[in-house]
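Numbering (UniProt numbering), first residue to last: 1 to 311.
Laid out in structure tokens, this is it:
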């Protein structure tokens, strides 16, 4: 995904969440619903998160310099990690606190129909954001499952938006059910239970994002498919006959560092070795465009010694 590849999904989520947050705060003020207030805070967190994702994309686009010779691509991972922390602290912890408070001190809802209407509108807007993120993700997902896409994607923004929107839609269902049960049973404790469920949901999603973004920040290698393509294209069978060892690492969502020791056919002169390396780099970049930074070390393959004790 290019730096702006997920921007449409981010902007859709930003505009939807900003409008939803304002509507939920109005609804929470009118009705006194804790689950509505928790959802409003959740939407504020999501709105801030979209802004952080856009900031991360902008910071990642800076040119490499002496201090950061491999560029600033990992800014996108860093800001996505911050998004996960915001979702956990501002969304999950607050909702859990509010839910416990509402269960211990239930409060009657006023004008609950207003809450129902606002939640229904929020579901419509959140569905628009979610569908936009899905459409943006399908070309990258390929035939893999959505869960595998989220786990294996080296581009952080779309998985973040997908998980946020999924959590938002499920959270809205929880809030809708909580307000509905409060109306049907005339027992406001359901509002607190719904708020607590929203907090737990946000906590699970935040922890998934924290684990995934932490892994990307540390540095993940090429995907198995990319690794296979790199190995296959390093070897030409004429001047380079095998890959002795290979290490890769994503410097950013669209840039892979490739470091390999390659076996050169014996008796080649220096010009042939240089030409073989140049051709190998060109083949790899054609097959895996993200392999922009490559360091290839030519060597001779030495077969392991046979065990002389074997009969």
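All C-beta atoms in this analysis are idealised placements derived from N, C-alpha and C, irrespective of residue type, glycine included.
For residue j and residue i, the rounded distance between their alpha carbons
i	j	result
residue 235	residue 290	19 Å
residue 182	residue 31	12 Å
residue 252	residue 261	23 Å
residue 64	residue 50	25 Å
residue 233	residue 124	48 Å
residue 205	residue 41	16 Å
residue 259	residue 43	43 Å
residue 28	residue 59	36 Å
residue 284	residue 294	9 Å
residue 14	residue 188	32 Å
residue 12	residue 184	35 Å
residue 176	residue 119	6 Å
residue 178	residue 169	14 Å
residue 7	residue 199	28 Å
residue 117	residue 162	25 Å
residue 264	residue 281	14 Å
residue 138	residue 68	33 Å
Burial state of residue i (16 or more Cβ within 10 Å)
i	result
residue 105	exposed
residue 47	buried
residue 110	exposed
residue 202	buried
residue 89	exposed
residue 147	exposed
residue 215	exposed
residue 345	Given that the chain is displayed from residue 1 to residue 311, the structure contains no residue 345 and the question cannot be resolved.
residue 159	buried
residue 131	exposed
Cross-strand partners of residue i (DSSP beta bridge)
i	result
residue 266	None; residue 266 has no bridge partner.
residue 259	247, 295
residue 91	Partner(s): none; residue 91 has no beta bridge.
residue 240	264
residue 252	255
Distance CB(residue i)-CB(residue j) smaller than 8 Å
i	j	result
residue 84	residue 209	yes
residue 57	residue 74	no
residue 292	residue 255	yes
residue 36	residue 95	no
residue 278	residue 244	no
residue 193	residue 93	no
residue 133	residue 23	no
residue 222	residue 248	yes
Rounded distance between the beta-carbons of residue j and residue i, thought under 8 Å
i	j	result
residue 272	residue 302	Contact flag wrong, Cβ pair sits at about 20 Å.
residue 220	residue 151	Rounded, the Cβ-Cβ distance is 11 Å, inconsistent with contact.
residue 166	residue 38	Not a contact, Cβ separation roughly 17 Å.
residue 55	residue 79	6 Å
residue 317	residue 157	Beyond the ends of the chain as shown, which are 1 and 311, falls residue 317; an answer cannot be given.
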